[in-house]
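Single-structure report; data block below.
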Amino acid sequence: LMCRFFSIPTARYFSKLNGHTLVTSGSTTINVWNIKTGVCQTQLFASCNTTSLTQMKDDKLACGHQDGSITIWDISRKCCVKTLNRHSNSVDSIEQMEDGRIVSGSYDQSIKIWNIKTGKCDATLIGHTLPVCRVVQLRDGRISSASLDKTIKLWDANTGECLMTFISHHEVMTLIELSDGRLASGSWDSQIRLWDVNFGKCVGLIADIRGGINSVVEMSDGTIVSGSSVGSIKLWNAEGKCVETHNVGYVCAMYVAETGDGEIVAICQDLFTGQDKDNDIKIWCVSTGLAQHK
Numbered sequence: 013l014m015c016r017f018f019s020i021p022t023a024r025y026f027s028k029l030n031g032h033t034l035v036t037s038g039s040t041t042i043n044v045w046n047i048k049t050g051v052c053q054t055q056l057f058a059s060c061n062t063t064s065l066t067q068m069k070d071d072k073l074a075c076g077h078q079d080g081s082i083t084i085w086d087i088s089r090k091c092c093v094k095t096l097n098r099h100s101n102s103v104d105s106i107e108q109m110e111d112g113r114i115v116s117g118s119y120d121q122s123i124k125i126w127n128i129k130t131g132k133c134d135a136t137l138i139g140h141t142l143p144v145c146r147v148v149q150l151r152d153g154r155i156s157s158a159s160l161d162k163t164i165k166l167w168d169a170n171t172g173e174c175l176m177t178f179i180s181h182h183e184v185m186t187l188i189e190l191s192d193g194r195l196a197s198g199s200w201d202s203q204i205r206l207w208d209v210n211f212g213k214c215v216g217l218i219a220d221i222r223g224g225i226n227s228v229v230e231m232s233d234g235t236i237v238s239g240s241s242v243g244s245i246k247l248w249n250a251e252g253k254c255v256e257t258h259n260v261g262y263v264c265a266m267y268v269a270e271t272g273d274g275e276i277v278a279i280c281q282d283l284f285t286g287q288d289k290d291n292d293i294k295i296w297c298v299s300t301g302l303a304q305h306k
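Quick note on my numbering: the sequence shown kicks off at 13 and runs consecutively.
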């Protein structure tokens with residue numbers, strides 16, 4: 013992989029705005045970056061530490077915060093346009109649903125669905141017994157959630173009913189829906205598990221990993237990419253075999269950028285200097301095997 017990078021202040025979370033723009037945060041400052049030039053284009057200032065981010069369809073930004081609040085930002089105007097308050101603890105995952113509403117998962121063990129226009133909470137989904145780390149809306153409209161209680165749950169987005177519970181491997185830290193409809197979960201037990209969402213069964217296992225799995229993404233060709241707490245990024249083929257390994261530093265957030273050749277973008281941190289220092293956004297172009305820094 014060809015690599016280029018730029019340093020960022022105190023970042024643990026990010027979201028894409030488009031193929032060339034990232035939003036990062038991990039403190040009260042929210043930074044909007046051009047990932048081609050490494051230039052910070054805009055800064056937003058929240059009143060509380062940011063713990064999750066997601067792009068909205070109208071290019072607004074939704075942020076979850078440590079105090080349980082959710083803020084909606086107009087990036088072009090550089091201002092917060094709405095604040096939602098109902099969670100009692102940190103909002104660790106947030107995503108906009110297809111109907112425009114927002115779903116959030118919190119350290120308070122609950123999942124909430126929000127109407128952005130009214131600012132009201134439409135539904136609270138209760139069932140997890142430990143913090144909710146990830147919420148994802150599936151293509152069929154159902155909501156999937158992953159928790160430190162070692163379960164993954166499927167929910168009806170309209171009724172709030174829990175449809176299915178998957179008994180997972182360990183504390184689940186990350187969860188995505190793959191292009192073939194399966195779920196992929198990453199955990200502190202160093203495993204990625206693949207799940208059939210119709211039967212709630214584990215149908216695949218990727219286990220050749222050291223350290224906890226903080227991030228999982230899928231590339232357009234079906235390659236699965238994992239980021240771990242021991243500082244490695246690994247690429248996995250359809251058979252679950254590791255085809256590439258790169259040691260980069262603690263990986264706390266990652267996604268595949270929508271660029272021509274396909275790129276992996278990750279926030280990497282140095283555990284020896286502390287997680288709040290010496291952060292890099294590192295970008296790998298998958299089309300080449302050469303290593304290069306910019």
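For each residue, glycine too, the CB sits at the ideal point set by N, CA and C.
In this text, all values refer to a predicted model and were calculated from it rather than measured experimentally.
Close Cβ partners of residue i (< 6 Å) along its chain, the five nearest in sequence each way excluded
{"i": "Ser-100", "result": "Gly-80 and Asp-120"}
{"i": "Glu-256", "result": "Leu-247"}
{"i": "Ile-48", "result": "Residue identity differs from the one stated: residue 48 is Lys in this sequence, not Ile. If we look at Lys-48 and ignore the five residues flanking it on each side, its Cβ neighbours are His-32."}
{"i": "Arg-97", "result": "Sequence check: residue 97 is Asn here, not Arg. Contacts found: Ser-81."}
{"i": "Thr-177", "result": "Thr-163 and Lys-165"}
Sequence-distant residues of its chain with Cβ nearer than 7 Å to residue i (five each side left out)
{"i": "Ser-191", "result": "Glu-230 and Gly-234"}
Residue i, buried or exposed, once every other Cβ within 10 Å from all chains shown has been counted against 16
{"i": "Gln-394", "result": "In this structure the chain extends from 13 to 306, so residue 394 is not present and cannot be described."}
{"i": "Thr-66", "result": "buried"}
{"i": "Ser-27", "result": "buried"}
{"i": "Ile-293", "result": "buried"}
{"i": "Lys-165", "result": "buried"}
{"i": "Arg-205", "result": "buried"}
{"i": "Thr-62", "result": "buried"}
{"i": "Leu-73", "result": "buried"}
Cβ distance (whole Å) where residue i is taken to contact residue j below 8 Å
{"i": "Asp-168", "j": "Leu-175", "result": "6 Å"}
{"i": "Ser-240", "j": "Gly-224", "result": "6 Å"}
{"i": "Ile-179", "j": "Lys-162", "result": "7 Å"}
{"i": "Cys-264", "j": "Asn-210", "result": "Actually they do not touch by this definition, with Cβ atoms about 32 Å apart."}
Bridge partner(s) assigned by DSSP for residue i
{"i": "Thr-54", "result": "Val-44"}
{"i": "Asp-86", "result": "Cys-91"}
{"i": "Gly-216", "result": "Leu-206"}
{"i": "Val-228", "result": "Ser-238"}
Same chain only: Cβ atoms within 8 Å of residue i, ignoring 5 sequence neighbours per side
{"i": "Lys-94", "result": "Thr-83, Ile-84, Ile-128 and Gly-131"}
{"i": "Arg-222", "result": "Ser-202, Ser-240, Val-242 and Ser-244"}
Original post:
Between the region 144-157 and the region 127-136, are three or more C-beta pairs nearer than 8 Å?
Top reply: no
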